[in-house]
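S.K.: Take any residue in the first sequence, note its place counting from 1, add 66, and you have its number in my numbering.
Here a beta-carbon is modelled for each residue, glycine too, at the ideal position from N, C-alpha and C.
First the structure, which I've put down as structure tokens, then a few questions once you've had a look.
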Amino acid sequence: MRQSHLFGRTLRAAPSDAQLASHKLLLRGAFVRQVAAGIWTLEPLGFRVAKKLEQIIREEIDRIGGQEMSMPVINPATLWQESGRWDSLEPNAFRFRDHDGRDFMIAFTHEEIVTAHAREDIVSYRQLPIIVYHFQTKGRDEARPRGGLVRVREFVMKDSYSIDRDFAGLDAAYEKHRDAYARIFARAGVRALMVESDPGNMGGDVAHEFQVLVEGGEDRILICENGDYRANADKATRKIEPALSQNGVPKASRIATPGASTIDQLSASLKEPSDRFLKTVLVKLDGDIAAVVLPGDRELNEAKLKARLGAKEVRFATDADFSRAGSVAGFIGPVGLRNARLIVDAGVSRGASYIAGANVKDAHLRDVVLGRDFEGEVADVHDAREGDRCPRCGGKLTMHRGIEVGNIFKLGTFYSEKLNAMYLDEDGARKPLVMGSYGIGVGRLLATVVEEHHDDKGIIWPMAVAPFQVHLLTLPHTDERVRAAADQLYAEFEQAGVEVLYDDREDSAGVKFADADLIGLPIRVIVSRRTIEKGEAEVRLRDGSKELFAPLDRVERGVKTMIDERLAAATA
RNA sequence: CGGGGCGUGGCGCAGUUUGGUAGCGCGCAGCGUUCGGGACGCUGAGGCCGCCAGUUCAAGUCUGGCCGCCCCGACCA
Numbered sequence: 067m068r069q070s071h072l073f074g075r076t077l078r079a080a081p082s083d084a085q086l087a088s089h090k091l092l093l094r095g096a097f098v099r100q101v102a103a104g105i106w107t108l109e110p111l112g113f114r115v116a117k118k119l120e121q122i123i124r125e126e127i128d129r130i131g132g133q134e135m136s137m138p139v140i141n142p143a144t145l146w147q148e149s150g151r152w153d154s155l156e157p158n159a160f161r162f163r164d165h166d167g168r169d170f171m172i173a174f175t176h177e178e179i180v181t182a183h184a185r186e187d188i189v190s191y192r193q194l195p196i197i198v199y200h201f202q203t204k205g206r207d208e209a210r211p212r213g214g215l216v217r218v219r220e221f222v223m224k225d226s227y228s229i230d231r232d233f234a235g236l237d238a239a240y241e242k243h244r245d246a247y248a249r250i251f252a253r254a255g256v257r258a259l260m261v262e263s264d265p266g267n268m269g270g271d272v273a274h275e276f277q278v279l280v281e282g283g284e285d286r287i288l289i290c291e292n293g294d295y296r297a298n299a300d301k302a303t304r305k306i307e308p309a310l311s312q313n314g315v316p317k318a319s320r321i322a323t324p325g326a327s328t329i330d331q332l333s334a335s336l337k338e339p340s341d342r343f344l345k346t347v348l349v350k351l352d353g354d355i356a357a358v359v360l361p362g363d364r365e366l367n368e369a370k371l372k373a374r375l376g377a378k379e380v381r382f383a384t385d386a387d388f389s390r391a392g393s394v395a396g397f398i399g400p401v402g403l404r405n406a407r408l409i410v411d412a413g414v415s416r417g418a419s420y421i422a423g424a425n426v427k428d429a430h431l432r433d434v435v436l437g438r439d440f441e442g443e444v445a446d447v448h449d450a451r452e453g454d455r456c457p458r459c460g461g462k463l464t465m466h467r468g469i470e471v472g473n474i475f476k477l478g479t480f481y482s483e484k485l486n487a488m489y490l491d492e493d494g495a496r497k498p499l500v501m502g503s504y505g506i507g508v509g510r511l512l513a514t515v516v517e518e519h520h521d522d523k524g525i526i527w528p529m530a531v532a533p534f535q536v537h538l539l540t541l542p543h544t545d546e547r548v549r550a551a552a553d554q555l556y557a558e559f560e561q562a563g564v565e566v567l568y569d570d571r572e573d574s575a576g577v578k579f580a581d582a583d584l585i586g587l588p589i590r591v592i593v594s595r596r597t598i599e600k601g602e603a604e605v606r607l608r609d610g611s612k613e614l615f616a617p618l619d620r621v622e623r624g625v626k627t628m629i630d631e632r633l634a635a636a637t638a
């Protein structure tokens, strides 16, 4: 490709509001352009990277027996009504009506469609197991797109679906995907960690995410120093060390706490550490009032609350809800609460003495004891944090930021039961198909590759995913001898199947070098007056690891060898 | 959805406070000089100032409404 005719111009400056390195560099390097909030075009450079990522994914999913197909972007509402997600995804899906008033949506993901096909096409256990997949556009009307390609409203996902006769089969398919994902991310050049995650509204119970640790990533990940536990904060637990149960705790007594409605204020005025208090949070769980009692130094984790209690929606309570529960905001406590489901966080120690709200303005109760003064459903619903102990080994947990590039879910029979996708098993019984769902966001993966491979000048593409393998520069292009030698090299590269971007623009050396650094092709070949004098060209690696001069007639072969070595290393 | 910010040639921005000829840098076109890290000179093209109303002799600037984009939070496979 001659750069003078490449569609897409590099920009000297990125918009001042771009935060992530990938956002700035992909924009400046003419890889992507924004069309609307969270809606992006991949220009030729970006598109070539996306295609390479897709090919890596394709090869690895094929390797575990995946069959590629293609399911539609436009989905009828009826299928989503069968699974119940037509309503539960509100208002996150793009919806519209056709000319006849029928409801449709842009596929949010493809569980419904694949399950509908499976109920037609799979009739016998003899056909199983099956893995099908496709690369397809998804639409999600995210409330807040952000971070360039990281959170967008339209994106291509590789989603595969495993269909098995039983859970042992599902476990096997899940493991195959886990291994395939490890190879995919390694080949793409990103360090993706598998972490335990919350299945959310996907249905099913077991789920893992592949997270690339990136400062500025939007997910919070807790990692044990001993390497045996990694979890998304939406799911993470910690080893809880119960305070010693105290004997002879005096009867609970009311104390005056005028104006002290937060744990911080109480802690300051009563000179007691925050974990001596109980924090009671009044919420509406799917419309029903519930009071969640937490240690005073802990925050409620809504994702965990939803998952543990099987709730779809958590909202904070209104003043009216406080009155109904017989309490008052700022002074709520578990003792004497009415009309509310009481949930006690696992971090609250049974038998220990706490200070809690008295459900009366400007008053708290001292010596409140779980098991004596109140009781409730125990659930681990607090936020784990940096410095907590690992639930497996007691090691120290650290908090990191990450970007989720892929996920794997054990759906089980969630969709097959709802959509009545059954097969006839060996014993003659009709049974629901056992399914799994496995996604990788291609654009997001592209962004994380950049996050992991760049410097202050630009991108440093790994060979396996670089839009072109070689950047050929002339200094200057107006010199006839230089141009002739470079034209010759360009032809040789093309002949040899080397992917080459030829900077044939009549720009100064500074401009060409700066653009080459920005675009970040792994190998740079420079033909200049200086090198031509000796019948040579300069060969430089973008990562700075090599810089040499080679006779013009040996450049193509040498470069080809470097490429092949690097590709082989990435695939191994 | 709550809070904040922004919208002016292709890009990055000033001008809005105090209404009065629409600017700067980069980029772009032509000519010439230069040529290993974002060169220089001369000439030139390019703007419904986000949109719609209103106030005014006069609106980029004031008022109202709307739209779009960004950031923080909420939410989110």
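Is the stretch 288-303 touching the stretch 454-470 in the sense that three or more CB pairs, one from each, lie closer than 8 Å?
M.R.: Counting Cβ pairs under 8 Å, three or more are found: they touch.
S.K.: Helix, strand or coil, according to DSSP, for Pro400 in the structure here?
M.R.: It is coil, neither helix nor strand.
S.K.: Could you check the C-alpha separation between Val216 and Ala603 for me, to the nearest Å?
M.R.: The straight-line gap from Cα to Cα measures roughly 39 Å.
S.K.: Put Ala429 into one of helix, strand or coil per three-state DSSP.
M.R.: The answer is strand: DSSP assigns Ala429 an E or B state.
S.K.: Which residues bound the beta strand (DSSP E) around Arg286?
M.R.: Run containing Arg286: Asp285 to Cys290, per the beta strand (DSSP E) assignment.
S.K.: Tell me which same chain residues have a C-beta within less than 8 Å of the C-beta of Arg244, skipping the five on either side of it?
M.R.: Answer for Arg244: Met260, His274 and Ile474, listed in chain order.
S.K.: By how many angstroms is the C-alpha of Arg467 removed from the C-alpha of Ile287?
M.R.: Those two C-alpha atoms are separated by around 6 Å.
S.K.: Pick helix, strand or coil for Trp152, following the three-state DSSP scheme.
M.R.: Residue state, collapsed to three classes: helix.
S.K.: In this structure, what does DSSP give as the bridge partners for Pro361?
M.R.: Looking at the DSSP assignment, Pro361 forms a beta bridge with Leu344.
S.K.: In the structure shown, what three-state DSSP assignment does Lys350 receive?
M.R.: Strand, per DSSP.
S.K.: Please go through the stretch 428-460 and give each complete beta strand (DSSP E) segment of 3 or more residues, from N-terminal end onward.
M.R.: The stretch 428-460 contains these whole beta strand (DSSP E) runs: 429-435 and 443-445.
S.K.: So, at 7 Å on beta carbons, what are the nonlocal neighbours of Asp545 in its own chain, with the 5 sequence-adjacent residues on each side left out?
M.R.: For Asp545, where only same-chain residues beyond five positions count, the Cβ hits under 7 Å are Arg595.
S.K.: Buried or exposed: where does Glu134 fall if 16 or more other Cβ atoms within 10 Å of its Cβ makes it buried?
M.R.: Per the 10 Å Cβ criterion, exposed.
S.K.: Roughly how many whole angstroms lie between the Cα atoms of Val256 and Tyr227?
M.R.: C-alpha separation (whole angstroms): 24 Å.
S.K.: Drop a sphere of 10 angstroms on the beta-carbon of Phe73, count the other beta-carbons inside from all chains shown, and report buried for 16 or more, exposed for fewer.
M.R.: The residue is exposed, with fewer than 16 neighbouring Cβ atoms inside 10 Å.
S.K.: So who's on the other strand from Tyr556, going by DSSP bridges?
M.R.: DSSP, once it has assigned bridges, lists no residue as partnering Tyr556.
S.K.: Enumerate, from N- to C-terminal direction, the unbroken alpha helix (DSSP H) stretches of 4 or more residues contained entirely within the stretch 590-625.
M.R.: The stretch 590-625 contains these whole alpha helix (DSSP H) runs: 595-599.
S.K.: Cα separation between Ile196 and Glu613?
M.R.: Taking the straight line from one Cα to the other gives about 49 Å.
S.K.: Alpha carbons only, please: which of Ala87, Val218, Tyr489 and Glu365 is nearest the one belonging to Arg185?
M.R.: That would be Tyr489, whose Cα lies nearest to the Cα of Arg185.
S.K.: Which of the three DSSP states is assigned to Ala102 in this structure?
M.R.: Three-state DSSP puts Ala102 in a strand.
S.K.: Grab the span of the alpha helix (DSSP H) containing Pro110 for me, first residue to last.
M.R.: Note, Pro110: alpha helix (DSSP H), Pro110 to Arg129.
S.K.: Going by DSSP, name the residue or residues bridged to Gln44.
M.R.: Outside the shown range of the chain, which is 67 to 638, sits residue 44, and nothing can be said about it.
S.K.: Determine the closest residue to Ala182 out of Leu485, Asp553, Arg374 and Leu119, with distance taken between C-alpha atoms.
M.R.: Nearest option by C-alpha distance: Leu485.
S.K.: In whole angstroms, give me the CA-to-CA distance for Pro361 and Pro211.
M.R.: Distance between the alpha carbons of Pro361 and Pro211: 34 Å.
S.K.: Figure out for me which residue from Ala103, His165, Val380 and Leu336 has the closest Cα to the Cα of Arg219.
M.R.: Minimum Cα distance to Arg219 is reached at Ala103.
S.K.: Let's test the definition: count the other Cβ atoms within 10 Å of the Cβ of Asp285 and tell me whether it reaches 16, buried, or not, exposed.
M.R.: Classification for Asp285: buried.
S.K.: Mind checking Lys242: buried by the 16 CB within 10 Å criterion, or exposed?
M.R.: Burial call: buried.
S.K.: Using only the alpha-carbon positions, how far apart do Ala530 and Leu633 sit?
M.R.: Computed Cα separation, rounded: 6 Å.
S.K.: For the stretch 374-391 and the stretch 435-442, state whether three or more C-beta atom pairs, one from each stretch, are separated by less than 8 Å.
M.R.: Segments in contact, no.
S.K.: Anyone know if the C-beta pair for Thr203 and Val180 falls short of 8 Å?
M.R.: No, Cβ-Cβ distance for Thr203 and Val180 is not below 8 Å.
S.K.: Report buried or exposed for Ile140, applying the criterion of at least 16 other Cβ atoms within 10 angstroms of its Cβ.
M.R.: By the 10 Å Cβ count, Ile140 comes out exposed.
S.K.: Decide if the stretch 403-411 is in contact with the stretch 347-356; the criterion is three or more beta carbon pairs, one per stretch, under 8 Å apart.
M.R.: Yes, since at least three Cβ pairs between the stretch 403-411 and the stretch 347-356 fall closer than 8 Å, the two stretches touch.
S.K.: DSSP three-state call for Ile306: helix, strand or coil?
M.R.: Coil at Ile306, not helix or strand.
S.K.: Give me the residue from Arg124, Ile506, Tyr568 and Ala395 with the minimum Cα distance to Gln69.
M.R.: The candidate whose alpha carbon is nearest that of Gln69 is Tyr568.
S.K.: Counting only the same chain and skipping the five closest in sequence on each side, list residues whose C-beta sits under 7 Å from that of Glu560.
M.R.: Cβ neighbours of Glu560 beyond the five flanking positions: Val566.
S.K.: Unbroken alpha helix (DSSP H) runs of length 4 or more, entirely within the stretch 498-526: which are they?
M.R.: DSSP runs (the alpha helix (DSSP H)) wholly in the stretch 498-526: 508-518.
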